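If you're matching positions, the sequence shown starts at 802 in the working numbering and goes up one per residue. For every residue, glycine included, the Cβ atom is placed at its ideal position computed from N, Cα and C. Since the structure is predicted, the reported quantities are computational estimates derived from the model, not experimental observations. The structure appears below as structure tokens.
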Amino acid sequence: SAEGAYCAFSGRKIFDGGFEDNLTALNCSMRGFILGRGDGAISFPQSLTPSASRRFCHNQRVTVIHYSRDAVLTGSDDGACAEWTLDGRFEKMILKSNSSVTSISTFQDAAKLIGFANGEIAVFLGQQNLLLKHSEYAPFALEMNADRFLFSGHEDGKVRIANLKNQKNTKVIACGGVISSISVKSDLMAVGLANGCVELYNWITGEQVNCFRNHYAMVTKVLIHADEDRIFSSAMDGTLVIIQRLSGRA
């Protein structure tokens, strides 16, 4: 909140830091939660007190906090993406852009995708680093499949699919609103929207398979289960929904 107060799932107030400590990003895992702030600070408040140690490497508002298996990545309006250890030690600056960071995704093979407000996407694939720009619109959701196809969901409501092997944009799929989350399994692509809808597509043909309206606020995460029949979605209205793809029942 703008007042800097954060409440855990139990409803217990953790701390109240005042307006100058306004919180702008949050992520959590089994290890605990990490807070991003308007002044660029990152807090790993294991002590659960207002004096929880803050780490600075950004000089503007923190926009994204992303947990990977062995690190924490943070992005900011200053255009920087930084890497931290899970216990809060600054490791390195991954890159610096002149545009705000809008999204970060990581994968088991250490690949990283970083999206920027100017439409650029930085791709780290082992020894291969790419900087792509297939749109002027900010990407808010990034996904990649095993065949190295990049799926980027943008604020103009379109998913752009690019083949990273030849760096060409292969397909554009128009969805029903601003895209906030993407999940891909085989030929299926689930898209979570800011208007609360979850849309399902065959991304190879571009055909919409279904549209589910089970949320009343922005979808924060959508995930296609390995069985490709169940779709999990969560939203800012506090709901978590499991949808049977074939029957459409939640």
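**Study point:** Between the CA atoms of Arg-838 and Leu-932 - distance to the nearest angstrom
**Key:** Residue mapping note: residue 932 aligns to position 131 of the sequence shown, counting from 1. Residue mapping note: residue 838 aligns to position 37 of the sequence shown, counting from 1. Near 28 Å, if we compare the C-alpha coordinates of Arg-838 and Leu-932.
Review point. In angstroms, rounded to a whole number, what distance separates the CA positions of Ile-983 and Asn-828?
Key: Walking along the sequence shown from the start, residue 983 turns up at place 182. Walking along the sequence shown from the start, residue 828 turns up at place 27. If you take the alpha carbons of Ile-983 and Asn-828, they lie about 18 Å apart.
Check your understanding: Could you give the distance in angstroms between the alpha-carbon of Tyr-1017 and the alpha-carbon of Thr-886?
Key -> Residue 1017 sits at position 216 when you count from the first residue of the sequence shown. Residue 886 sits at position 85 when you count from the first residue of the sequence shown. For Tyr-1017 and Thr-886, the distance between alpha carbons rounds to 36 Å.
Practice item. Would you identify the three-state DSSP class for Asn-964, choosing helix, strand or coil? Key: Locating residue 964 in the sequence shown gives position 163, where the first residue counts as 1. In this structure, Asn-964 counts as strand in the three-state DSSP scheme.
Exercise for review: Mark Phe-857 as exposed unless 16 or more other C-beta atoms lie within 10 angstroms of its C-beta, in which case mark it buried.
Suggested key: Here residue 857 refers to the residue found at position 56 when the sequence shown is read from its first residue. Looking at its Cβ environment, which holds fewer than 16 other Cβ atoms inside 10 Å, Phe-857 is exposed.
Practice item. Apply the 10 Å Cβ neighbour rule to Ala-1036 and answer buried if 16 or more other Cβ atoms are within range, or exposed otherwise. Key: Here residue 1036 refers to the residue found at position 235 when the sequence shown is read from its first residue. Buried: at least 16 other Cβ atoms inside 10 Å.
Review point. Taking DSSP as the reference, what is the three-state secondary structure of Ala-826?
Key: To locate residue 826, count along the sequence shown from 1; it is residue 25. Strand.
Exercise for review: Quick one: using the 10 Å Cβ neighbour count with 16 as the cut-off for buried, is Ser-987 buried or exposed?
Suggested key: As a first step, residue 987 must be located in the sequence shown, where it is residue number 186. Exposed, because fewer than 16 other Cβ atoms sit within 10 Å of the Cβ of Ser-987.
Point to revise | Minimum length 3: unbroken beta strand (DSSP E) runs contained in the region 988-1023 | key: 989-994, 999-1003 and 1008-1013
Practice item. Out of Cys-998, Val-1020, Thr-1021 and Ile-905, state which residue places its alpha-carbon closest to the alpha-carbon of Asn-1011. Key: Stepping through the sequence shown from its first residue, residue 1011 is reached at position 210. Checked all of Cys-998, Val-1020, Thr-1021 and Ile-905; the closest Cα to Asn-1011 is Cys-998.
Review point. Apart from the five residues on each side of it in sequence, which residues of its chain come closer than 6 Å, Cβ to Cβ, to Phe-845?
Key: On the sequence shown, position 44 is the one that residue 845 refers to. Excluding residues within five positions, the ones whose Cβ falls inside 6 Å are Ile-835 and Gly-889.
Check your understanding: If Gly-760 sits next to Ser-936, beta carbons under 8 Å apart, how far is it from one beta carbon to the other, in whole angstroms?
Key -> Since the first residue shown for the chain is 802 and the last is 1051, residue 760 is missing from the structure and cannot be characterised.
Review point. With which residues is Met-894 paired in a DSSP beta bridge?
Key: To locate residue 894, count along the sequence shown from 1; it is residue 93. Ala-883.
Check your understanding: Candidates Ala-975, Asp-957, Phe-891 and Phe-952: which alpha carbon is nearest Lys-969's?
Key -> Numbered from 1 along the sequence shown, position 168 holds the residue referred to as residue 969. That would be Phe-952, whose Cα lies nearest to the Cα of Lys-969.
Exercise for review: Please check the pair Ser-904 and Gly-880, which I expect to be a contact at CB under 8 Å, by giving their CB distance rounded to whole angstroms.
Suggested key: Counting from one through the sequence shown, the residue named residue 904 turns up at place 103. Counting from one through the sequence shown, the residue named residue 880 turns up at place 79. The pair is not a contact, with the Cβ atoms about 13 Å apart (cut-off 8 Å).
Exercise for review: Kindly indicate which three-state DSSP category Met-1037 falls into: helix, strand or coil?
Suggested key: In the sequence shown, the residue the question calls residue 1037 occupies position 236. Looking at Met-1037 - three-state DSSP - the assignment turns out to be coil, as it is neither helix nor strand.
**Study point:** alpha helix (DSSP H) runs wholly inside the region 905-982, at least 4 long, in chain order
**Key:** As far as the region 905-982 is concerned, it has no whole alpha helix (DSSP H) run of at least 4 residues.
Point to revise | Alpha carbon of Thr-825 to alpha carbon of Val-865, nearest angstrom | key: Position 24 of the sequence shown, counted from the first residue, corresponds to residue 825. Position 64 of the sequence shown, counted from the first residue, corresponds to residue 865. Cα to Cα, the separation comes out at about 8 Å.
Practice item. Count the other CB atoms, across all protein chains shown, that sit within 10 Å of the CB of Leu-1041; report buried if there are 16 or more and exposed otherwise. Key: Translated into positions along the sequence shown, residue 1041 becomes position 240. Leu-1041 comes out exposed.
Check your understanding: Are Ala-995 and Ile-1032 close, meaning C-beta to C-beta below 7 Å?
Key -> The residue labelled residue 995 in the question sits at position 194 within the sequence shown. The residue labelled residue 1032 in the question sits at position 231 within the sequence shown. The Cβ-Cβ distance between Ala-995 and Ile-1032 does not fall below 7 Å.
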